[in-house]
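Below is one structure, written out as structure tokens; comments come after it.
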Amino acid sequence: MSASAVRPAVTVTALTVVAAALLAGCGSVTTAGGGAAGPSASAGPCGVPLERPLEGWVRDEVRIVSVNDACAEFEVTNAGSEAADFSVLFGWTGVDQRLDTSPTGTVTAVPPGATVRGRIEVGAPKRADGSRPPIVPSVKISRVRSVPTAEAPSKGGPCPASGVRLYADEGDAAMGLRVVGLHLVNCGTSPVTVDGYPQVQALDEKHKAVDSLQVLKGGAAIATGTGADTPPQRIVLKTGEGARSAVVWRNTNDNIASDPVNAPYLRVRATPDAAPVLVTPELDLGTTGRLGVGAWTREDVPQS
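The opening position of the sequence shown corresponds to residue 104 in our numbering, with each subsequent residue numbered one higher.
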């Protein structure tokens, strides 16, 4: 079961859609940032933009522009002070026929103050003759997440300037227990040394630190058998080699006097002097107030 998330900074000069949304599981579409893009009265790939958004079409810095049987077009505005990558999860209002997928649209390297457009596919898969079943879902924006492009996690593509890739996996969840893996790969030309535990800091939806959280070394205080209790060791990673850690928590509400804590983001430093990477494990901590972090261990890296 899934618990709840990468890309180096890039410079672009035009808004370009570079990938179509996938409809198996959670699809994605990647759009590079460029200049401002305002609504147009003429029909686009997803129909004619509406002057007034429908219910659920606006959330945080994102709004849906238009929807037809095949796709939905959306705009993202970066209200921050630095370039950012946005991930937008879409869902369905239930008014019309529900689709089996909840697509994710991603726009990257959006400059401060800029508005860019992205697109996701929302129609049912095409038939053999290329047509689609007549389905017009009522799309809504379910969730918006953003990370500074300079801190975006990286799972593929060009090697980041730091010489390492760091990203979080989708994790596992069972009976309120959550375990999300942190993965580190040396994609540079020099050895990388990790020794002990990664440094982590939980952030809320506004990217503010969750200071009430207690970070523990290892996962035993949260649960046994999580794989997060290997003793710390010094590991030297050659080019192409990797390491793994894990964060462990429980979604338990056992204190009626306290409000549940939800921290979507986790800022991770592989070593104390490493550049930070902001991952999105969606920490639903309940009222437990504790997060276990495992020490780095060696991990085999699949050869591409």
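We treat Cβ as the ideally placed atom computed from N, Cα and C, and that holds for glycine. Quick caveat, the model's predicted, so the values are computed rather than measured.
As DSSP reads the structure, D387 sits in a beta bridge with N365.
With contacts defined as CB atoms closer than 8 Å, V396 and V303 qualify as a contacting pair.
In the displayed model, E176 falls within a strand according to three-state DSSP.
Counting only runs that start and end inside the stretch 297 to 355, the beta strand (DSSP E) elements of at least 3 residues fall at 302 to 306, 317 to 320, 337 to 340, 345 to 353.
For T207, the enclosing beta strand (DSSP E) has its first and last residue at 207 to 213. Within 10 angstroms of the beta-carbon of D357 lie fewer than 16 other beta-carbons, which makes it exposed. In the assembly as shown, R248 is a buried residue. Its beta-carbon has 16 or more other beta-carbons within 10 Å.
In terms of Cβ geometry, R220 and E178 form a close pair [threshold 8 Å]. Between G389 and N354, the gap from beta carbon to beta carbon is short of 8 Å. Sorting Q406, G279, A378 by C-alpha distance to the C-alpha of A255 places A378 at the top. Membership of P405 in any beta strand (DSSP E) is not indicated, and neither H nor E is assigned to it by DSSP.
The shortest C-alpha to C-alpha distance from L319 to any of T383, D298, W352 is the one to W352. Partner residues in the beta bridge of P251, as assigned by DSSP, are A187.
Of the other Cβ atoms in all chains shown, 16 or more fall within 10 Å of the Cβ of D272; this residue is therefore buried. When the five nearest sequence neighbours on each side are left out, the beta carbons in the same chain lying within less than 7 Å of the beta carbon of S293 are those of G266, in order along the chain. Following the DSSP letters along the chain, one finds L157 in no beta strand (DSSP E), marked with neither H nor E. Between A305 and A366, the gap from beta carbon to beta carbon is short of 8 Å. Of the other Cβ atoms in all chains shown, 16 or more fall within 10 Å of the Cβ of I244; this residue is therefore buried. Within the DSSP bridge table, the entry for L192 names T207, R246 as partners. DSSP lists R370 as the bridge partner or partners of L381. A straight-line Cα-Cα distance of about 12 Å links V191 and T383. With a threshold of 16 other beta carbon atoms within 10 Å, T327 falls short and is exposed.
Bridge pairing for G221: F177 [DSSP]. If you ignore the 5 residues before and after G279, its C-beta comes within less than 6 Å of the C-beta of R353, N354, T355, all in its own chain and listed in chain order.
As the crow flies, the alpha-carbon of H310 is around 18 Å from that of T211.
Under the three-state reduction of DSSP output, N358 falls in the coil class, being neither helix nor strand. Under the DSSP definition of a beta bridge, V151 lacks any partner.
With fewer than 16 neighbouring CB atoms inside 10 Å of its own CB, G343 falls in the exposed class. Only buried fits T391, as 16 or more other CB atoms lie within 10 angstroms of its CB. Taking all protein chains in view, the Cβ of S257 is crowded by 16 or more other Cβ atoms within 10 Å, so the residue is classified as buried. When the Cα atoms are used, G226 and S205 turn out to be separated by approximately 11 Å. By the beta-carbon neighbour count (other beta carbons within 10 angstroms, threshold 16), D387 is buried.
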